[in-house]
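Note sheet for the following structure.
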Amino acid sequence: MSPHLILRVVSKLLIPIIVVFGFYVQFHGDFGPGGGFQAGVIVAVGVILYALIFGMEEARRAVPPAAVRYLMAAGVLLFAGVGVATLLMNGAGEPVNFLDYDALHPDQSHHTGQHYGILLIELGVLFTVSSVMLAIFYAFAGRIPDLPDEDW
Amino acid sequence: MDILAHLLPAGIAAHAPVLLVVIPLILAPIAALMPSGRIAWAISLLAAFLVAILALVLLGEVSQAGSVSYHLGGWAPPLGIEYRVDALNVPILLLVGFVGLLCTIYALPSVADEIEPGKQPMFYSAFLVCFTGLLGVTITGDAFNVFVFLEVSSLSTYALVAMGGGKDRRALTASYNYLILGTIGATFFVIGVGFLYMATGTLNMVDIARVLAEDGHSRVTEAAFAFIVVGLGLKAAMFPLHVWLPNAYAFAPNFVTAFLASTATKVAFYVLIRFLFSIFHPEVTFVAASFTWIFAVLGTVGMIVASAQAIFQTDPRRVLAYSSVAQVGYMMLGLGMGTKAGLSAGMLHLMNHAMMKGALFMALGAFALKFGVRSIASLNGLGRTMPVSASAFTISGLSLVGVPLTVGFTSKWYLILAALDRDWWWAVAALIASSLLALVYVGRMLMAIWMEEPPSHQGKAIAASTAPWAVVVPMSILALANVYFFFNADPLVHLANAAAEAVMGGR
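What follows is the structure, encoded as structure tokens:
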């Protein structure tokens, strides 16, 4: 019988809801308050809660630190990559500037490109923010103290 | 100059302002994922090389067109973010680009020696982020964007300084102090920008200047001015807001010190000039008063006091760090004159100081590769043990004093001329006094290097050797540049004059 049975059961129920709420904040960011930063923090909180209740080992198995590192870089690359993609796509023959989302989709009357652009950018923010949150948590939680507690 | 503008195909050159910032930004996460430090180094080198080329292209474009404006996302300013390159920031871009390139070459042996292998890719990644931030601060024409990039560069700088903790744990407290003071500086700056936004309703620098000229100043803009000056003063290590600098420079890895000493404070100083001259008008009463009573006075006090403090330091890196504070004093004095000649002399000293300090810190790093250099006594006799590095150190040290045949003389000469122009005899006296103090602290190190007995091992002198090529080449280039630009001062003087002209117009 594990000591924190209620915590374990409740957090098992809550974590999926937290993550789904994170994605809601993410994808609703186009129309209302929200976006990648907030969503990234909420998604990371789901994993941090898991680590607090089930221990660092379990959390590291679920979301390996190496994956966190790649995700961190991937987010920045996705963000900057959208800008570079707009440079390369060059709109309808007209040269466009860095991060001009209109180049991403030919439908200029509805500005579909703007919509795609912000969606991709926010996705990059989500990746980076959530993985940086986790990286900071892993770094602090995984830190071996210089002095063992008994030696103080 | 025309050739420079056509270095790259037109399609790429049109996007040069943004590529300058985006290339190091994109390469930073890629460097972080590399398995070894050497590959990450190669990526950093590529970034620095491309940035240097792009800075040259921008120099060409600016000399043709006067200024280059790039609208991010196609949104026209003042609503959109604008990158704006003109004669004032193009020298800073060139400086950051080329010093960045030389420092990156130098990084290979220095980082391999000081940073543990597993952390090297992340270290280079942090360097590239810092590089991005410094370039972004310099190039952007949007006041809030300056804050964002200032924080991008500062946050990565704190991490870079703390990486010295592998060798000396004091780097951690140095970095923490820097973090606290740097954050206070950034907060003051952003409060000031907030006040400006409140008063003018715009964040675009050109537009703020226009609205301020039309509507005049109020208590709000005066408060904004005060906050911005203090905030940027902290970042630029303006006396007496410099207390974070000596430890940060003394305990950071050698490569980081060489890079920061020749770029970071310079960029913050550029932003100060931009705000004082382009956004606030130097003829507005409270701005003019701040020139005489804040910048000139504190600059003068700073160059005397910090030079005197440098004399009493035992760690050569702290000597040079205090000397950096004194050199910021020279630039402040030039700025405080409020004349075109003064500003131009300040800009010239800014560029020259980057060359001197870059070479000096690189030479100290070269000594540190072979011998742990923690006190002036450990420099004893290195003139015979490491003649090449010692010579580079000597040339740039003399340049720091302002000995003729080096650029240090040129910029001090122009500063004195500008001071005489305003009949500021006390400033001339202070310049000479501070140079004499510099002679003392540089002389102490040079005496140790050339006069004392070389280091020995079991009674035998250690054989003479040279540092690795990756140290010698960039160090020698910077040291020789100190001499070259004395004999051929026109390019730099021209850049400095054009910069002063760009912000002061015909005045």
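The listed protein sequences correspond, in order, to chains C and E.
With our numbering applied, the first sequence covers 1 to 152.
With our numbering applied, the second sequence covers 1001 to 1507.
Every residue, glycine too, gets a C-beta built ideally from N, C-alpha and C.
All values reported here derive from a predicted model rather than from experimental measurement.
- Here the segment 1272-1291 of chain E lies against the segment 1212-1226 of chain E, with 3 or more beta-carbon pairs under 8 Å apart.
- Selection E:Val-1085, E:Leu-1072, E:Leu-1046 and E:Pro-1077 evaluated against Val-1062 (chain E) yields E:Val-1085 as nearest (Cα-Cα).
- Excluding residues up to 5 positions away in sequence, Pro-1024 and Gly-1100 lie with their Cβ nearer than 6 Å to the Cβ of Phe-1131 (chain E) in the same chain.
- The count of Cβ pairs closer than 8 Å, one atom from the segment 1284-1294 of chain E and one from the segment 1413-1420 of chain E, stays below three, leaving the stretches out of contact.
- Considering only E:Met-1303, E:Leu-1272 and E:Ala-1268, the residue with the shortest C-alpha distance to Leu-1431 (chain E) is E:Met-1303.
- A straight line joining the alpha-carbon of Val-47 (chain C) with that of Met-1332 (chain E) spans about 51 Å.
- In this structure the segment 1136-1149 of chain E touches the segment 1187-1207 of chain E; the number of beta carbon pairs closer than 8 Å is three or more.
- Nearest neighbour of Val-20 (chain C) by Cα position, chosen from C:Arg-8, C:Phe-31 and C:Ala-44, turns out to be C:Ala-44.
- Around His-1006 (chain E), no beta-carbon contact reaches into chain C at under 9 Å, the shortest distance being about 18 Å.
- Looking at the DSSP output, Tyr-1083 (chain E) shares a beta bridge with E:Tyr-1070 and E:Thr-1140.
- What Ala-85 (chain C) touches in chain E, judged by beta-carbon distance under 7 Å, is nothing: the nearest beta carbon there is about 12 Å away.
- By the Cβ neighbour-count rule, Gly-1408 (chain E) is buried, with 16 or more other Cβ atoms within 10 Å of its own.
- A straight line joining the alpha-carbon of Thr-1140 (chain E) with that of Thr-1385 (chain E) spans about 46 Å.
- Looking at the DSSP output, Asn-1204 (chain E) bridges to E:Asp-1142.
- Contact residues of the segment 1067-1101 of chain E toward chain C are Tyr-1070, His-1071, Leu-1072, Gly-1073 and Gly-1074 (C-beta to C-beta distance below 8 Å).
- Residue pairing by DSSP places Lys-1460 (chain E) opposite E:His-1457 in a beta bridge.
- Contact holds between the segment 26-38 of chain C and the segment 118-126 of chain C, because three or more Cβ pairs, one in each stretch, are under 8 Å apart.
- The distance from the Cβ of Met-1504 (chain E) to that of Lys-1340 (chain E) is about 5 Å, consistent with a contact at the 8 Å cut-off.
- Within 10 angstroms of the beta-carbon of Arg-1169 (chain E) lie fewer than 16 other beta-carbons, which makes it exposed.
- Proximity of His-1015 (chain E) to chain C, defined by a Cβ-Cβ separation below 8 Å, is satisfied.
- The beta carbons of Tyr-1270 (chain E) and Thr-1410 (chain E) sit no closer together than 8 Å.
- Your pair Leu-1094 (chain E) and Leu-1059 (chain E) checks out as a contact, with CB atoms roughly 6 Å apart and the cut at 8 Å.
- Under the criterion of beta carbons closer than 8 Å, Ala-1261 (chain E) and Lys-1357 (chain E) qualify as touching, at roughly 4 Å.
- Counting other Cβ atoms within 10 Å of its Cβ, Gln-1458 (chain E) stays below 16 and is therefore classed as exposed.
- Apart from the 5 residues on each side of it in sequence, Leu-1072 (chain E) sits with its Cβ closer than 8 Å to the Cβ of Val-1018, Gly-1080, Ile-1081, Glu-1082 and Tyr-1083 in its chain, given in chain order.
- Assigned with DSSP and collapsed to three states, Ser-2 (chain C) falls in coil, not helix or strand.
- Taking a cut-off of 8 Å for Cβ pairs, the segment 1248-1258 of chain E and the segment 1171-1180 of chain E touch, as three or more such pairs fall below it.
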